[in-house]
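Below: one structure, written as structure tokens.
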Amino acid sequence: MKEKLSELGLTEEQISRVIEIIGSAGSGSGENSGNIGNVGNGETERLKQEIIEYKERIKELEAQSVIDDELRKAGARNVRAVRALIDFENLEIQGSKVTGLEEQIKALTAGEDTAFLFSKKQGLKGVKPAFSSGKPSKKDFKDYSYDDWDEYFKRKG
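-10 is the number of the first residue of the sequence shown in this note's numbering; add one for each residue after it.
Here you go:
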């Protein structure tokens, strides 16, 4: 039996644990008695409990992800720092929607002592390249002569 388990890629520790579980099933007739279905009800309950704990942890991680996304959308400069100021007890998480978070974000962005944690959303400002006064030039810049450049800079000021 050890050979078959090692062929499956199990480590020595895992092999000894499997044999221990099978042996504790109370078979009485050796290693391979066919009573594997009755293997440790306590072990089954422990595994069921672990699955429940993992599912709860997955829900927590999904909620954290949704909250982090909302904070990024709100312009948080440091999501971890802002998350520390969120009151999670007043949040209600329903799938990918978090109720109560928007109010807390508004309060943080408006607060004098917390507004610096959020960046103000600003559009890009500046000159549009290859344009003068918002109108496209008739020539491409690479085709400009000395006189064209002189005129361009006179208009530009």
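The C-beta atom is built at its ideal place from N, Cα and C for all residues, glycine as well.
A quick note: this is a predicted structure, and the numbers were derived from the prediction, not measured.
- For K(-7), the enclosing alpha helix (DSSP H) begins and ends at -9 to -4.
- Look at K109 here: in three-state DSSP terms it is coil, with no helix or strand label.
- The C-beta of Q93 has 16 or more other C-beta atoms within 10 Å across all chains shown, which makes the residue buried.
- The distance from the Cβ of I82 to that of A52 is about 4 angstroms, consistent with a contact at the 8 angstroms cut-off.
- Here the alpha carbons of Y133 and R144 stand approximately 15 angstroms from one another.
- In terms of Cβ geometry, E59 and L97 do not form a close pair [threshold 8 angstroms].
- Spatial neighbours of V55 in its own chain (CB-CB distance under 8 angstroms, excluding positions within 5 residues in sequence) are listed in chain order as I82, S85, K86, V87.
- Residue state for I75 is assigned as coil, using DSSP reduced to three classes.
- Burial is judged here by how many other beta carbons sit within 10 angstroms of a residue's own beta carbon; F142 has fewer than 16 and is exposed.
- The beta carbon of D57 is closer than 8 angstroms to those of V68, R72 in its chain, skipping five residues each way along the sequence.
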